[in-house]
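Using the numbering used here, the first residue of the sequence shown is number -19, and each one after it goes up by one.
Have a look at the structure below, then the notes.
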Amino acid sequence: MFDFVHRKKTIVQIILFLVMLPFLFWGIQSYRNESQSAVATVEGEEIPRWEFDQAMRNQHDRLRNMLKDNFNSAMLDSPEMRLAVLEGLIQQKIMHREAEEIGLTVLDSRLASEIQSISAFHDENGKFSYQRYEELLRRQQMTPVIFEDKVGAEILQQQLLEPLSSSAMVADAIVQAVIRLSEVKREINQVEIAPDQYLSEVNPDEDAIKTYYDQHQAEFLLPERVRIEYLVLSLNDLARQETVTSEEVRNYYEDHQSDYGQPEERLASHILIAVKDTTSEEAHAEAKRKVEDILAQVTQDPDKFAELAKEFSDDSGSAKSGGELGFLGKGVLVKEFEDALFQMEPNEIRGPVETAFGFHIIKLSEIKPAQVAPVEEVEDSIEEMLKRQKITSRFGEIAEEFSNIVYEQSDSLLPAADRFNLTVKQSDDWINKKSREPVEIANEKLMQALFSEDVIKEGRNTDAIEVMPDTFVSARVLEHKPATAQSLEVVRDQIVEKLKLQLAAEKTVEEGSDKLARLIAGETDLVDWGDTPKTVSYMQSQGLDIETLRAIFQADVTQLPTYVGVTNLQGKYNLVRINQVIEPDAADKEKLQSFSGQLKQMLLQEELAAYQASLRQRYSVKIRPESY
């Protein structure tokens, strides 16, 4: 476990990414009664609603962090997105069950090593800090036990998938073929024929306009739309209204000072002579004699500690740095090592100390005393936390009361607004079923409710609908307009523009195809190809679209020049003259290895997908659509 400082694992980086997302509430069940229900089961084991809600929060926060100002919470409010999140949880559960089924386990030493390799838990010197570990988890309202369970689960999955990574094989002939395909080049000249140049030459007649209008009535419907007023009940908004006294802040601080301090840490180094459980008594005795001999040398000349650690220590990670482990707090190392370390004085060398890993010679270089942050530095965060705690404990009751009021007094939102000190908002514009503003109402369930007969004709409030985590909305319709067809006179210009584009596109293809046929027939003076050819490959497209690029490399090049013509997705017609084929140089060993690695990774992804699909077939999965 002592080489953790120098190790980095993808798996714990993934876990760390989850930890760094704001508003995590692992282990805290949802306040709603429905949180007690399960959204799905895997082999009878439930995936609770609170876990699904948390996964949605994580996805919400991840997208928000990625997209920043471009983020719209409505992105997550679709059956497809919710199902995708649920499928991810199901797959995790299946893989965890499979790992346990085949007897995979996670050793405590492996778990400790993985966690302590996470750079976010390191101090300014790059060493693991237990204080930073606890502090980071505390900020995310996550306990070490829960975090360690998550890491352990990911390690199990990693162990489960490791055989796949070693089984991916790609023949050298295939690698070479892929390299050639990606690097072979064509020297070309290109001319682009765009529909725009024919727009002035085409005009649809009245019969075509009328026919298009009659056949495309749905295109010209003004959708059903409403103007609304609505209330937003948000945990975050209510938390800001909550009152916390300075006395409450100080009392919490006094009761939890250890959470806001830097515990004592000790700068330790060691030399490890490893001993395995299976080691014979003779080998065990030999290891002890070896460590005692090293201890004698260190005792005689303490300055040689680092040199001897590099030479003899079996902890490969710390040996590189002269045995240094960094500043360590209590609860990080195995008990025997920790007990010895925290009994030592600065510059003391002690040993041999026997642990499950072998014999250690320990050197203590420095003691960093425990420190506690003053209340002034943490009172704002404590106040915010206490406010959220207060409202979270009551939010289930508040949400239920809010729901009851808007339902029982369904002719107005004012009673609920008055009860919870909320502001009744109004939509600025007409809203249809596809509207995405305002963001608070861009929710599929809420839209269905708004356009329901009960709400429109009876003038009732909608139910209180959870539009995003910890946020409920109730709305009512102020004005309603049904879907209406626009007359031909109103939409005539739109139709003319559409038809002109169609006719111009047809003219483009007609002209391009004619030129291509004549070029193939030998009329070489039809096109001004320009003076400068360009060289293209699949890796260097030079701005060509994939349709044109594919046609160039699929063309028969036994006789050059040859010609191809392609209509791309933008409606443009590309005429291309292929002048020359440029074969790539033979791939060297490094390139072969690089491409082989990339192909193996692609193959691995396919095998992983197939493996996951097979596991899905083997395990009983039941999804409850009404629950998510």
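Backbone N, C-alpha and C fix where the C-beta goes; we use that ideal spot for every residue, glycine too.
Using three-state DSSP, classify residue 284 as helix, strand or coil. helix
Taking the CB atoms as reference points, tell me whether residue 488 and residue 174 lie closer together than 8 Å. yes
Residue 206 vs residue 40 beta-carbon contact at 8 Å: no
Endpoints, the alpha helix (DSSP H) within which residue 371 is located: 355 to 388
Contained beta strand (DSSP E) runs [length at least 3] in the region 510 to 588, N- to C-terminal order: 514 to 516, 542 to 547, 553 to 562
Three Cβ pairs or more, each shorter than 8 Å: is that satisfied between the region 468 to 483 and the region 212 to 231? no
Own chain, CB closer than 8 Å to residue 521, minus 5 neighbours either side, in chain order: If we look at residue 521 and ignore the five residues flanking it on each side, its Cβ neighbours are 529.
Alpha-carbon spacing of residue 237 relative to residue 352, whole angstroms: 7 Å
Where does residue 87 land, buried or exposed, given buried means 16+ other C-beta within 10 angstroms? exposed
Between residue 316 and residue 335, how many whole angstroms is the CB-CB distance? I'm expecting something under 8 Å. 5 Å
On the premise that residue 202 lies in contact with residue 464, defined as a C-beta separation below 8 Å, what is that separation, rounded to the nearest angstrom? 5 Å
Would you call residue 586 buried or exposed, if buried means 16 or more other Cβ atoms sit within 10 Å of its Cβ? exposed
Bridge partners for residue 246 per DSSP, in chain order? 308, 347
Can you tell me where the beta strand (DSSP E) holding residue 26 begins and where it ends? 25 to 28
Tell me whether residue 554 is buried or exposed, calling it buried when 16 or more other Cβ atoms sit within 10 Å of its Cβ. Around the Cβ of residue 554, a 10 Å sphere holds 16 or more other Cβ atoms; the residue is buried.
Element boundaries [beta strand (DSSP E), containing residue 166]: For residue 166, the enclosing beta strand (DSSP E) starts and ends at 165 to 173.
So if DSSP puts residue 253 in a beta bridge, which residue, or which two residues, is it bridged to? 339
Going by beta carbon distance, what residues of the same chain come within less than 8 Å of residue 326, once the five residues before and after it are set aside? 344, 345, 346, 347
Inside the region 62 to 120 only - alpha helix (DSSP H) runs reaching at least 4 residues: 88 to 96, 110 to 119
Distance between residue 83 and residue 330 (C-alpha atoms, nearest Å): 40 Å
Using the three-state DSSP reduction, which class does residue 141 fall into: helix, strand or coil? DSSP places residue 141 in helix when its eight states are reduced to three.
Runs of 3 residues minimum, wholly inside the region 446 to 484: which ones carry the beta strand (DSSP E) assignment? 451 to 461
Residue 558 and residue 166 closer than 8 Å at C-beta: yes
Starting from residue 413, trace the alpha helix (DSSP H) both ways and give me its first and last residue. Where residue 413 is concerned, there is no enclosing alpha helix (DSSP H), given that its DSSP letter is neither H nor E.
Less than 6 Å between C-beta atoms, sequence neighbours within five positions excluded: which residues of the same chain meet that for residue 338? Around residue 338: 252, 253, 254, 255.
For residue 441, does the count of other Cβ atoms within 10 angstroms reach 16, so buried, or fall short, so exposed? buried
Given residue 517, which residues of its chain have a CB within under 8 Å of its CB, disregarding the five upstream and five downstream residues? 162, 163, 164, 165, 166
What is the rounded straight-line gap between the Cα of residue 249 and the Cα of residue 89? For residue 249 and residue 89, the distance between alpha carbons rounds to 18 Å.
With three or more C-beta pairs closer than 8 Å as the rule, is the region 365 to 380 touching the region 168 to 187? no
Tell me the DSSP secondary structure of residue 270 in three-state form. Of the three classes helix, strand and coil, the one that applies to residue 270 here is helix, per DSSP.
Round the Cβ separation of residue 350 and residue 244 to the nearest angstrom and send it over; I've been treating them as touching at under 8 Å. With a contact defined as Cβ atoms closer than 8 Å, residue 350 and residue 244 qualify at about 4 Å.
Is there a Cβ from chain C that is less than 8 Å from the Cβ of residue 31? Going by chain labels, chain C is absent from the structure shown, which holds only one protein chain.
Does the beta-carbon distance from residue 153 to residue 604 come in below 8 Å? no
On the CB-based measure, 16 or more other CB atoms within 10 Å of its CB, does residue 220 come out buried or exposed? Under this definition residue 220 is an exposed residue.
From residue 600 to residue 449, what does the alpha carbon distance come to, in whole angstroms? 29 Å
For residue 368, count neighbouring Cβ atoms within 10 angstroms of its own Cβ and tell me buried if that reaches 16, exposed if not. buried
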